[in-house]
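Numbering (my numbering), first residue to last: 16 to 482.
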């Protein structure tokens, strides 16, 4: 059923519909593939932008959190202290939320000064586990050499008081770019969540009050992240932009398909269907008898060549038809001549029949007289044997001649299909004897001996004796 429907829609339909359907399907697939690729790239760009925004926000917050106490202790004027607020006004004006999440709070030798830190929620455990696994596989290879080059002298006995610039440099360098952060979209659809690990160095213990963990002798930089910062970025504006972009893409796709189908319809209708319809109309007019009509296609392409070939074929057909007309005219003349000859033959046959009828009538009259006189001579008693034999020959010859005349009349009957057969039983010996007696007198005049040899006991024959 499906194959029949497909065949009826695409195969058993007009050329115009085939072109439109196939082109529409191909165009839809191309546009759908292109828009899917663009949507995928847009999602990747949104994710990259979200990560960049979260990373910049975390760097600013860490710098501001660590520099602010030093600004207050150093006695900077309010105008000088406001420089930091002005630098971060762009990020602070955003409705961003952030939290500090500890990874292993029970492993510290003493209480660390992480204000506001909390333990991970059940939904965040898998994310933190991914970050720790990435640290184990990538940190040692990509970042170890950079983190071990710590120029801050710890444990020398000298009291180091870091400046705001030193603290900023230390904190920004603690964000290791070799470990990829994690970003995800809130299932409720309200925020993007960005997770960034924070790594400790020996210099961090100056302010936070510890130097290393009790059960780990490795340098602090190699002991993994001790905290993760979570940033919640509002997604409404981004989602609105995405929806607007999708609407624009969808409208563009619809307009593209519509304009392409209209353009294809015009191309097929004017360039392909129009010449074909012209050839069809010319063919129909020629089939009605208007052989003077010719195809007039001036497109300077294959259709013009097709029209020229069509006209050549038409001229050849017209010439052939004219030749056939001449041959038919000559044939009609020949038929007329044959008809006249047939009439003449029919007239000659009639004359022949009349001649035979008259001739047989004219011959029968004296022949009957001869046969009658021979019968009279037979009854004369004074004739000797030889004379009697001659008289019998005269009578027999007359009768044979009469039969021959009847045979001539039978030929006319045979031509008219009215021949009648009179079948009887007769003795063939008597027929042969009569024929020999008929020519015996001629043979005796020329001294020719005529002998007749017939076997004895020949059966009777069943035939028309006269024929």
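The beta carbon of each residue, even a glycine, is placed where N, CA and C say it ideally should be.
If the five residues before and after residue 45 are omitted, its C-beta is found closer than 7 angstroms to no C-beta atom of its own chain. Here the region 46–64 lies against the region 252–268, with 3 or more beta-carbon pairs under 8 angstroms apart. Ranked by how close their Cα comes to the Cα of residue 453, the residues 463, 76, 437 and 409 have 409 in first place. Pairing residue 264 with residue 50 gives a Cβ-Cβ distance under 7 angstroms. According to the DSSP secondary-structure assignment, residue 439 is paired through a beta bridge with 478. Counting C-beta pairs with one atom in each stretch, the region 438–445 and the region 471–481 have three or more that are closer than 8 angstroms, which means they touch. By the C-beta criterion, the region 67–82 is judged not to be in contact with the region 287–295, since fewer than 3 inter-stretch pairs fall below 8 angstroms. Of the other Cβ atoms in all chains shown, fewer than 16 fall within 10 Å of the Cβ of residue 269; this residue is therefore exposed. At a Cβ-Cβ threshold of 7 angstroms, residue 436 and residue 479 count as neighbours.
Less than 7 angstroms divides the Cβ of residue 375 from the Cβ of residue 424. For residue 287, no beta strand (DSSP E) encloses it, and the DSSP letter there is neither H nor E. In this structure, residue 110 places its C-beta atom within 7 angstroms of the C-beta atom of residue 249. The three-state secondary structure of residue 447, taken from DSSP, is helix. If you keep only unbroken alpha helix (DSSP H) runs of at least 4 residues inside the region 267–330, you get 289–302.
In the structure shown, residue 409 falls within a helical segment according to DSSP collapsed to helix, strand and coil.
Here the alpha carbons of residue 342 and residue 357 stand approximately 22 angstroms from one another. Going by DSSP, residue 148 is part of the alpha helix (DSSP H) stretching over 140–149. By the Cβ-count criterion, residue 310 is buried, with 16 or more other Cβ atoms from all chains shown falling within 10 Å of its own Cβ. Taking every protein chain shown into account, the CB of residue 302 has fewer than 16 other CB atoms within 10 angstroms, so this residue is exposed. Classified as exposed, residue 52 has fewer than 16 neighbouring CB atoms from the shown chains inside 10 Å of its CB.
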